[in-house]
Structure formats: C-alpha cells, structure tokens
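Below is one structure; the comments refer to it alone.
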Amino acid sequence: MGLIGFAGVYTALATTGLVLLRRTLADAPLDDVVHDPAFYLGGLCYAASFGTFLLSLRHFEVLTVFPLFTGLAYATVAVAAALVLDESLTIVRIAGIALVGVGAVLLVR
24 MGLIGFAGVY TALATTGLVL LRRTLADAPL DDVVHDPAFY LGGLCYAASF GTFLLSLRHF
84 EVLTVFPLFT GLAYATVAVA AALVLDESLT IVRIAGIALV GVGAVLLVR
C-alpha cells in the first residue's frame, strides 16, 4: 500500500472513531456509555487508525507521515463534526484548516 492508501485508511478510521466517541460521550452518563456498542466501535476505529499510523512509519519518514495524516484528520474531523454532530464550521475554522493543509504540504515536500 502506498502513502495515499495509508493516509486514506488512517483518516477514515480516525474520523469515524472520533465522531462515534464524541457522539456517545456527549450527554450520556458514564454508566450508559459503557453499555453503548458505538463507544467500543469508536475506540476500536481510533485504535486501528493508530495501528495504521504505526504501519505507515515502517515504510515512510515520520516527517512525511505525521503532517500529512494530521492535516487530513483535522480537515475530515472538522467537516464530519459539522455534518454529523452539528458543530459549527466557521470561516475562521475553515481558514485554520486551510493553513494546516498548507503547512502539511510544505512539510511533506
């Protein structure tokens, strides 16, 4: 698998995991959270994203992997949070995502 493949898998797993965890932890008491399968699925997805990150480090430099994966995760989590969790995606946040993206591109080169 190439860098783009690892990045896509990492981003999908991290975003899914974080959105599921946030949704389950939002308003429920801890007693209810531990009985919700979505909580465990979110944790599993997030852990699998870390595993993907570790596997990618076997093949690519950390100065390539870290900024690319982090930048993509920032962007996809922000969009997913706006779409799924009804969190606000303001112009300032969009500008921040763009700046992170520019920084990631500069570090990957």
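Numbering-wise, the working numbering puts 63 at position 40 of the sequence shown, and it's gapless, one number per residue. Every residue, glycine too, gets a C-beta built ideally from N, C-alpha and C. Given the structure is predicted, the values throughout are model-derived calculations rather than measurements.
Self-check item: Buried or exposed (CB count within 10 angstroms, at least 16 for buried), Ala30
Solution: buried
Self-check item: Touching by the beta-carbon criterion (3+ pairs, under 8 Å), the segment 106–115 and the segment 60–76
Solution: no
Quiz prompt | Helix, strand or coil at Pro90 [DSSP, three-state] | solution = helix
Quiz item: Ser21: buried (16+ other C-beta within 10 angstroms of its C-beta) or exposed?
Solution: Residue 21 lies beyond the range of the chain shown here (24 to 132); nothing can be said about it.
Practice problem: Helix, strand or coil for Pro60, going by three-state DSSP, please let me know. | Solution: helix
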